[in-house]
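Counting from 171, one number per residue, gives the positions in the sequence shown under our numbering. Glycine included, every Cβ here is placed at the ideal spot set by N, Cα and C. All of these numbers come straight from a predicted model, not from anything done at the bench.
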Amino acid sequence: MLILSALTGLYYGCRNKYCKNKEAETLNEYLTGNKNLRPFPVALSLIASYVSGVTILGTPSEVYNFGTQYWFIVIAIWFSGLVVAYVYLPVFLKLQVNSSYEYLELRFNRVVRTIVSVFFVLDELMFLPIVIYVPSLAFNQVTGINIHVIGTIVCIVCIFYTLLGGLKAVVWTDSWQVIAMFISVVVVIALGTFTIGGPSVIIDLNSKGDRFEFFNFNPSMYERYTVFSVVIGGFTYWTCFNSVNQTMVQRYLSLPNEKQSKLSVLLFTIGVSLFVWICCYAGILVYATYYGCDPLSLGRIKADDQILPLFVMETVGHLRGVPGLFIAGVFGAALSSLSVVLNSTAQVFLEDFIKGCMRLTLSERTATLVVKSVVLVLGTVAVGFLYVVEHMGGVLAMASSLSAIAAGTTCGIFTLGMLVPWANSYGAIAGGLAGALMSGLVSFGGQFVSAAKLVVAHKLPVFANETCFDKYSIDKNLTIPIIEYPDETDIFPLFRLSFMWITPVGVCTVLIVGAVVSILTGRTNLKFLDPELISPVMQWVLPPEAQRYAGTAIRKARNREIVENEKMVQDAPISTVEKHVAYSRTPSPVAIHLKCV
171 MLILSALTGL YYGCRNKYCK NKEAETLNEY LTGNKNLRPF PVALSLIASY VSGVTILGTP
231 SEVYNFGTQY WFIVIAIWFS GLVVAYVYLP VFLKLQVNSS YEYLELRFNR VVRTIVSVFF
291 VLDELMFLPI VIYVPSLAFN QVTGINIHVI GTIVCIVCIF YTLLGGLKAV VWTDSWQVIA
351 MFISVVVVIA LGTFTIGGPS VIIDLNSKGD RFEFFNFNPS MYERYTVFSV VIGGFTYWTC
411 FNSVNQTMVQ RYLSLPNEKQ SKLSVLLFTI GVSLFVWICC YAGILVYATY YGCDPLSLGR
471 IKADDQILPL FVMETVGHLR GVPGLFIAGV FGAALSSLSV VLNSTAQVFL EDFIKGCMRL
531 TLSERTATLV VKSVVLVLGT VAVGFLYVVE HMGGVLAMAS SLSAIAAGTT CGIFTLGMLV
591 PWANSYGAIA GGLAGALMSG LVSFGGQFVS AAKLVVAHKL PVFANETCFD KYSIDKNLTI
651 PIIEYPDETD IFPLFRLSFM WITPVGVCTV LIVGAVVSIL TGRTNLKFLD PELISPVMQW
711 VLPPEAQRYA GTAIRKARNR EIVENEKMVQ DAPISTVEKH VAYSRTPSPV AIHLKCV
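The structure is reproduced here in structure tokens:
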């Protein structure tokens, strides 16, 4: 799998450099694939953008410990897919922005764009080491190979093909990796199901252990999983991640038209919901396998996320190649997520910080060099963090908390711009700050009380009987720890909220504060608002006069780029102009004339 990924990057890197079509050498080719990719590989790449080793290892352990209520996330995924396709996606496709955060400058101002871009970069920087460390830990468990060695090798391979081949290499390697993920997980659960005696045995043992829980309508927001928290919270989180995050929007815009973009969203929704469903099934399979002999209680594993690798080694580990296939799938998920982060963050750095914030105009050669340098630096950071992340116990919690804060705040600001036409830049900034503060309070507060053991997640009961000690050669004098659940009534209510509510809290805070502040500071005049900046589902509130300004926002932005490019070309020596014509989507007459001269 690693070799195939590296060869894919090598192929597209050499193809871009030596093919007769000079268009393949452009920055546009590197970042967007010249917008001529196909829906199916893009859909696989979208799946890879979300699914990581954390998903493969974490979802089964959640179902094992808390029951099947999480299975309702599949419903949330489908609702999310519909909203993304018909509410958010048409806006980006109409504007054809280089970065999703460019929309925020068109709708509000440069300050809002910069704030959200910083959120994105910080979130991805925290995510980089986690996406490699977690599967490296699983690999270490099943092989004994040093975490840092395998993690470094995987990072180097990922940097290699991302740096060399650009978006096309990322999309196609994502495709191979997603296929490897599906095959590995399906093979493992199929063999595991056969080994235990079939689905009927799994259903019987999970029923005895009270694992089947699908209709928990408890209105309490403190309970980890209920119908409301999974459907509402899951829908909000999935929508926030899939609708406006640059890692996803970049792929939507790599397709030639809206029809194919929506088709890719449909294929993505089908694929990712099926994969999550399989991971949930793996959870009940693992529970049935270890029914009455909980590995964590017996000290056979140190963390919940290690239970699936343990299951693989003990159930199908004797079959040649199967453990390797499983690890290939886990690392395929890690590689795909890492490459997506590297490529998307590099584009954000170029478009939002260098061009958007600093207003620098670069030649195409310089811009390409900057993008590749960012990929290299970020990859190096990921490798470096591997050596410190295991010594920093709070990093995992901090990364997940920051991700939830960034997702809710960012999505709230985009939603404010697209669905609240009267919102202004003051409302966007105030709403963003309030949303980050509120979701941060819930997230970090929850992490604090959890670390202090003031709040303990209420797992479903597991047990270990006497036969387990002989079965796994465990000392019978081992004392099985008893989980103590403290009195939580005196804990600040926001700190007790289920983590599923962090993103909805952030989004709702942004929308409420942003809408109110916009009204108080002078709402946007809808008569002069470009309707292309508003989602189609809300354009009915715009007055007829607004249609005269359709397309003006993006035209002004492009005209500014042309003027800046012309100024750079006019100020440069003729020899420089001949070598480096400023990068622009629409070459200006001045640039063409000087190029000819």
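Requested in this report: Measure the C-alpha to C-alpha separation of I448 and I373 and round it to an integer number of angstroms.
Outcome: The alpha-carbon atoms of I448 and I373 are separated by roughly 15 Å.
Once you ignore the five residues that flank G403 on each side, which residues in its own chain have a CB closer than 6 Å to its CB?
Excluding sequence neighbours, G403 sits near M670, W671, P674.
Practice task
Take every Cβ of the stretch 289 to 304, pair it with every Cβ of the stretch 506 to 515, and state whether three or more of those distances are shorter than 8 Å.
Solution key: They touch, by the three-pair rule.
Next item on the list: Express the C-alpha separation of Y273 and L703 in angstroms, rounding to a whole number.
Entry: Distance between the alpha carbons of L703 and Y273 is about 8 Å.
### Query
Residues bridged to C463 by DSSP?
Answer is A634.
* Contacting residues, own chain, Cβ-Cβ under 7 Å from R135 (five flanking each side not counted) -> There is simply no residue 135 to check, as the chain begins at 171 and stops at 767 in what is shown.
Give the secondary structure of S533 by DSSP, where H, G and I count as helix, E and B as strand, and everything else as coil. Residue state, collapsed to three classes: strand.
- Task: Pull up the CB-CB distance for P230 and G453, whole angstroms please, since I reckon it's below 8 Å.
- Result: The pair is a contact, with the Cβ atoms about 4 Å apart (cut-off 8 Å).
>> Count Cβ pairs between the stretch 495 to 503 and the stretch 348 to 361 that sit closer than 8 Å; are there 3 or more?
In response: Proximity of the stretch 495 to 503 to the stretch 348 to 361 meets the contact definition, three or more beta-carbon pairs being nearer than 8 Å.
*asked:* Taking contact to mean 3 or more Cβ pairs, one atom from each stretch, closer than 8 Å, check whether the stretch 406 to 414 and the stretch 575 to 589 are in contact.
replied: Flag = yes, the stretch 406 to 414 and the stretch 575 to 589 touch.
Checklist line | Residue of V683, K338, V680 minimising C-alpha distance to S506 | finding: Proximity to S506 across V683, K338, V680 peaks at K338, based on C-alpha coordinates.
Classify V442: buried if its beta carbon has 16 or more other beta carbons within 10 angstroms, exposed otherwise.
With 16 or more other Cβ atoms from the protein chains shown falling within 10 Å of its own Cβ, V442 counts as buried.
| query | Alpha carbon to alpha carbon, how far is S754 from D660? | reply | Bear in mind that the predicted position of S754 carries a pLDDT of just 40, short of 50, making it unreliable; the figure below should be weighed with that in mind. Between S754 and D660, the C-alpha separation is close to 59 Å.
Apart from the five residues on each side of it in sequence, which residues of its chain come closer than 6 Å, Cβ to Cβ, to S609? Hits under 6 Å: I575, G578, I672, V675, G676.
Exercise for review: Taking 8 Å as the threshold, find out whether the stretch 411 to 427 comes into contact with the stretch 329 to 336 through three or more Cβ pairs.
Suggested key: Counting C-beta pairs with one atom in each stretch, the stretch 411 to 427 and the stretch 329 to 336 have fewer than three that are closer than 8 Å, which means they do not touch.
TODO: Compare the beta carbon distance of A213 and F519 with 9 Å and say whether it is the shorter of the two.
DONE: By the CB criterion at 9 Å, A213 and F519 fall outside the cutoff.
Requested in this report: List the whole-angstrom C-beta distance separating L216 from M418, where the pair is believed to meet the contact cut-off of C-beta under 8 Å.
Outcome: Their Cβ separation, rounded to whole angstroms, is 6 Å, which keeps L216 and M418 in contact under 8 Å.
*Identify the continuous alpha helix (DSSP H) that holds D374 and give its terminal residues.*
Boundaries of the alpha helix (DSSP H) around D374: 369 to 378.
For Q455 and T363, which I take to be in contact (beta-carbon distance under 8 Å), what is that distance rounded to the nearest angstrom? According to the sequence displayed, residue 455 carries Leu and not Gln. Sure, about 6 Å apart at Cβ, within 8 Å.
Mind reading off the beta-carbon distance from D464 to A634? Whole number of angstroms is fine, and I expect it under 8 Å.
5 Å between Cβ atoms; contact.
Review point. Within the chosen definition, does the stretch 464 to 473 reach the stretch 376 to 394 through at least 3 CB pairs nearer than 8 Å?
Key: The stretch 464 to 473 is not in contact with the stretch 376 to 394.
Next item on the list: Please determine, among F665, C325, I724, Y460, the residue with the shortest C-alpha to C-alpha distance to L375.
Entry: Ranked by Cα distance from L375, the first of F665, C325, I724, Y460 is Y460.
Checklist line | Host alpha helix (DSSP H) of W346 (start-end) | finding: Its alpha helix (DSSP H) spans residues 317 to 366.
* Distance, Cα to Cα, F297 vs S219? -> Here the alpha carbons of S219 and F297 stand approximately 12 Å from one another.
Task: Outcome for Y258 when other beta-carbon atoms lying within 10 angstroms are tallied against a minimum of 16 - done: Burial of Y258 is indicated by the presence of at least 16 other C-beta atoms within 10 angstroms of its C-beta.
Next item on the list: Quick one: measure Cβ to Cβ for G179 and T343, integer angstroms, because I've assumed they're closer than 8 Å.
Entry: Under the criterion of beta carbons closer than 8 Å, G179 and T343 qualify as touching, at roughly 7 Å.
- request: State buried or exposed for T538, treating a residue as buried only when at least 16 other CB atoms are found within 10 Å of its CB.
  value: Taking a 10 Å sphere around the C-beta of T538, we find 16 or more other C-beta atoms and assign the residue as buried.
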